[in-house]
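Everything below concerns the one structure shown next.
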Amino acid sequence: MWRAYSDMREANYKNSDKYFHARGNYDAARRGPGGAWAAKVISNARENIQRLTGHGAKDSKADQFANEWGRSGKDPNHFRPAGLPKKY
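In the numbering used here, the protein residues as written are 3 to 90.
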């Protein structure tokens, strides 16, 4: 998850947030049940904190959809924005 977060910060690419959410959860879940569990705990904590600090519930719901998509093993590239460098 840290690599996806770091890449998201580095890329600073418009409309790429959901892709990096899905990718981080996908990568973590591929490490086994412990990785999937950790990804769920971290993602839920992050979204709950954002909601409490004034970020919209709608955006949080969309983030959680991407998180669950990745954790379930679905391809994170579904959320990949056009033009995002191949490095990511």
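The beta carbon of each residue, even a glycine, is placed where N, CA and C say it ideally should be.
Look at the beta carbons and you see the stretch 80 to 90 not touching the stretch 48 to 60: under three pairs across the two are nearer than 8 Å. Take the alpha-carbon of residue 3 and the one of residue 67: they are about 16 Å apart. Scanning its chain for C-beta atoms nearer than 6 Å, with the 5 sequence neighbours on each side dropped, one finds around residue 86 the residues 15 and 18, in chain order. Selection 10, 23, 11 and 34 evaluated against residue 71 yields 23 as nearest (Cα-Cα). Note on geometry: alpha-carbon atoms of residue 9 and residue 78 lie some 14 Å from one another. Around residue 20, the same chain offers 68 and 81 as residues with beta carbons nearer than 6 Å, after the five sequence neighbours per side are excluded. Counting the other Cβ atoms within 10 Å of the Cβ of residue 49 gives 16 or more, which makes it buried.
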